Amino acid sequence: MNTQIDTFEPFAQAEKDLVFYQSAALNTLVQVDMRTGESKPVWPVGQVGRISTSTDKSTWAFRVYDADFYIWKPASEELRRVDDLADTFDFANISPDGTRLAYKTYNKDGAGQFTSDRRIQVINLSTMDKQVFEPEREYHQWNFHWGKDSRSIILTQDN
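Each residue of the sequence shown is one higher than the last, beginning at 1070 in the numbering used here.
What follows is the structure, given as structure tokens:
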């Protein structure tokens, strides 16, 4: 009798021969070299949350649940923590060119529950400067994504 210990669902390819996936068994992000079959954990501790990548896959952004948010550059193996973001958003999107990170902000009410405050913050990853964008009207169940120019942010509303 076989027992399933993991699932392999590649979600992105940074290079032709490298595949990355979230390992449920190891509770981490794993890199697999498809030429050699060698695999190694990219992030050793904690469950990796939603992942966002630049168009060319040179820059990755991900959150470790109940922890912090990180920017990762696979080619140089640079892993950088983005300060002051933990517990402020549900996900973040990196711009197609990999230069900016945008995320919805949330407030905590008196009971410690998260409530949306309908703002989007944008961080320039080179300077770490922040900008805040607040839509002119209230939207229900809204989301956003980057425009192809890596400068505009497009709001969408779920029906």
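We put the beta carbon where it would ideally sit given N, CA and C, even for glycine.
Computed from a predicted structure; not experimentally measured.
* Asked: Nearest to Gly-1216 by CA position, among Asp-1166, Met-1197, Lys-1109 and Asp-1198, is which residue?
  -> Asp-1166
* Return the first residue and the last residue of the beta strand (DSSP E) that Leu-1148 is part of. => 1147 to 1151
* **Outcome for Thr-1196 when other beta-carbon atoms lying within 10 angstroms are tallied against a minimum of 16** => exposed
* If you count every other CB in all the chains shown that lies within 10 Å of the CB of Ser-1121, and 16 or more means buried, which is it? -> buried
* **Backbone secondary structure at Lys-1217 - three-state DSSP** => coil
* Asked: Secondary structure at Arg-1169, three-state DSSP: helix, strand or coil?
  -> strand
* Would you call Val-1201 buried or exposed, if buried means 16 or more other Cβ atoms sit within 10 Å of its Cβ? -> exposed
* Between Ser-1219, Asp-1218 and Phe-1213, which lies nearest to Thr-1225 when the distance is taken from Cα to Cα? -> Phe-1213
* **Residue range of the unbroken beta strand (DSSP E) whose run includes Lys-1126** => Taken as a continuous stretch (DSSP letters only), Lys-1126 belongs to no beta strand (DSSP E), as it is neither H nor E.
* Asked: Do Thr-1128 and Ile-1140 come within 8 Å of each other at the CB atom, strictly closer than that value?
  -> yes
* Could you please give me the residues that DSSP links to Pro-1143 through a beta bridge? => Note: Pro-1143 sits in no beta bridge, so no partner.
* To do: Counting only the same chain and skipping the five closest in sequence on each side, list residues whose C-beta sits under 6 Å from that of Ile-1192.
  => Leu-1170 and Lys-1199
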